[in-house]
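For reference, the structure is listed below as structure tokens.
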Amino acid sequence: MGEDVKHFGRMIQHKVIGTLTAQKKKFLWRKKRVLEFGLRPYLLPRRVKHIHGPQKISYALDELLVISVVRNGELYIKSFMDHYRAMGVKHFVFLDNASTDRTVELLCGQESVTVLQTDAPYKKYENTMKRYLAERFSAGRWNLCADIDELFDYPFSETLSLGDFLRYLNDNSYTAVVAQMLDMFSDTPLAKLESKPDDQLKEKYVYYDISAIEKEDYLWSERSNPNIKMHWGGVRKAAFGTVNGLTKSPLVLMDGKIKTFITWHHVKGARMADV
49 MGEDVKHFGR MIQHKVIGTL TAQKKKFLWR KKRVLEFGLR PYLLPRRVKH
99 IHGPQKISYA LDELLVISVV RNGELYIKSF MDHYRAMGVK HFVFLDNAST
149 DRTVELLCGQ ESVTVLQTDA PYKKYENTMK RYLAERFSAG RWNLCADIDE
199 LFDYPFSETL SLGDFLRYLN DNSYTAVVAQ MLDMFSDTPL AKLESKPDDQ
249 LKEKYVYYDI SAIEKEDYLW SERSNPNIKM HWGGVRKAAF GTVNGLTKSP
299 LVLMDGKIKT FITWHHVKGA RMADV
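With the working numbering applied, the sequence shown covers 49 to 323.
Structure follows, in structure tokens:
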């Protein structure tokens with residue numbers, strides 16, 4: 049009987065511990081949501097200052113604004129700007145996060161660029177920063193959120209203009225586009241690689257490997273194409289053993305219904321394009 053009592057006691061203890069753990073997780077999740085969607089959006093604008101360029105940007109539904117949070121991006125600015133200017137982007141808004149290199153200087157020397165700056169900690173404010181840029185500058189219109197080392201492309205871009213692509217999205221009532229990140233690399237060992245601000249990254253990093261990519265169903269928003277999947281892993285998993293999410297929704301229409309930057313890369317309440 050004594051063993052039965054002990055066994056019963058352990059069962060109760062495990063159940064209590066399990067319940068407390070679940071309650072703690074729920075509390076922490078709620079706390080995170082309050083901070084990310086309540087407190088931080090209120091605090092961040094007070095930590096942002098305008099450095100350069102227009103603070104109000106006029107552009108149409110078939111034009112595109114690129115937004116980017118950047119820190120020490122000097123080596124990537126030329127490739128980034130050349131790529132998106134060639135694509136036909138209307139304007140750029142950068143939120144510099146306390147860079148210590150020539151990032152701000154180089155960006156302020158560019159046309160059609162707005163530069164803001166903040167010292168808010170990136171780890172805590174990353175999603176809030178991006179959401180702030182999207183909501184402040186592109187309400188009711190399209191924006192593309194890209195890191196300074198990310199070069200977005202869309203299907204048939206060789207023959208289909210950016211304006212025509214956006215008109216296709218508008219005509220079909222799509223409000224977001226899913227993109228799969230593809231890590232590019234050089235045939236030069238990392239230890240010997242040297243980069244300069246004038247480098248064209250698309251010419252220097254020309255190799256890729258999709259053999260380690262894993263796929264699963266996409267569940268974040270309404271899909272128009274069942275072939276759209278979540279991608280994981282890739283070359284970073286093969287080389288470094290890390291399992292990184294490779295799927296994001298960088299191109300969105302800020303229609304007042306969409307919820308952006310959910311767990312960093314995703315959106316809710318969107319109608320995903322079929323591309």
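Just so you know, even glycine gets a beta-carbon here, dropped at the ideal spot from N, CA and C.
Q.
Taking only three categories from DSSP, how would you classify V324?
A. No information on residue 324 is available, as it lies outside the stretch 49 to 323 that the chain covers here.
Q | Rounded straight-line distance, which links the Cα of K277 to that of V96 | A | Near 36 Å, if we compare the C-alpha coordinates of K277 and V96.
Q: Could I get the ranges of all uninterrupted beta strand (DSSP E) runs contained in the segment 108-163, with 3 residues as the minimum, in chain order?
A: Runs of beta strand (DSSP E) with 3 or more residues, each lying fully within the segment 108-163, are found at 113-118, 139-144, listed in chain order.
**Q.** Own chain partners of L241 with C-beta closer than 8 Å, once the 5 adjacent residues on each side are dropped
**A.** Answer for L241: S234, listed in chain order.
Q. Helix, strand or coil: how does DSSP classify L242 here?
A. According to the sequence as given, residue 242 is Glu; it is not Leu. Coil at E242, not helix or strand.
Q: Taking only beta-carbon positions, decide if K172 is within less than 8 Å of chain C.
A: Among the protein chains of the structure shown there is no chain C, as only one such chain exists.
Q.
Within 10 Å of its beta-carbon, does E251 have 16 or more other beta-carbons around it, so buried, or fewer, so exposed?
A. Here E251 is exposed. Its C-beta has fewer than 16 other C-beta atoms within 10 Å.
Q) Taking the runs of the alpha helix (DSSP H) that are 4 residues or longer, which of them lie wholly in the segment 193-264? A) Uninterrupted alpha helix (DSSP H) stretches at least 4 residues long and entirely within the segment 193-264 occur at 210-219, 249-252, given in chain order.
Q.
Distance check for C193 and W312, CA to CA, integer angstroms please.
A. Rounded to whole angstroms, the gap between the alpha carbons of W312 and C193 is 11 Å.
Q) Helix or strand or just coil, what does DSSP make of V323? A) In the structure shown, V323 falls within a coil segment according to DSSP collapsed to helix, strand and coil.
Q. Any heavy atom of the ligand NAP within a distance shorter than 7 Å of the CB on Q103?
A. With respect to the ligand NAP, the structure shown offers nothing to examine, as it has no ligands at all.
**Q.** N220 versus G304 - alpha carbon distance
**A.** Looking at the two C-alpha atoms, the distance is approximately 18 Å.
Q. What's the C-alpha gap between F140 and M320?
A. In this structure, the straight-line span from the alpha carbon of F140 to that of M320 is close to 24 Å.
Q: Measure the Cβ-Cβ separation of G293 and D231 and say whether it is below 8 Å.
A: Not a contact, by the Cβ cut-off of 8 Å.
Q.
Closest to K104 by C-alpha separation, out of L164, S269, I261, would be which residue?
A. Here the closest residue by C-alpha is L164.
Q | Rounded distance between the beta-carbons of L210 and L112, thought under 8 Å | A | 6 Å between Cβ atoms; contact.
Q | Pairwise C-alpha distance: G157 and E264 | A | Going by the C-alpha atoms only, they are around 43 Å apart.
Q) Do you know offhand how far A287's Cα is from I261's? A) CA-CA distance, A287 to I261, rounds to 12 Å.
Q: Answer with buried or exposed for L123, where buried requires no fewer than 16 other C-beta atoms within 10 angstroms of its C-beta.
A: Classification of L123: buried, given that the 10 Å Cβ count is 16 or more.
**Q.** Cα-Cα separation between K171 and R271, rounded to whole angstroms
**A.** Near 30 Å, if we compare the C-alpha coordinates of R271 and K171.
Q) So K296 is in the beta strand (DSSP E); what residue range does that whole segment cover? A) Residues 295-301.
(Q) Would N145 and V114 qualify as a contact pair, given that the criterion is a beta-carbon distance under 8 Å? (A) Cβ distance not < 8 Å, so N145 and V114 don't count as in contact.
Q: May I ask you to report which of helix, strand or coil DSSP gives T69?
A: In this structure, T69 counts as helix in the three-state DSSP scheme.
Q | Own chain residues within Cβ distance below 7 Å of G101, not counting five before or after | A | V161, T162, V163, listed in sequence order.
Q.
I'd like to know whether the C-beta atoms of A134 and A224 end up nearer to each other than 8 Å.
A. Pairing A134 with A224 gives a Cβ-Cβ distance that is not under 8 Å.
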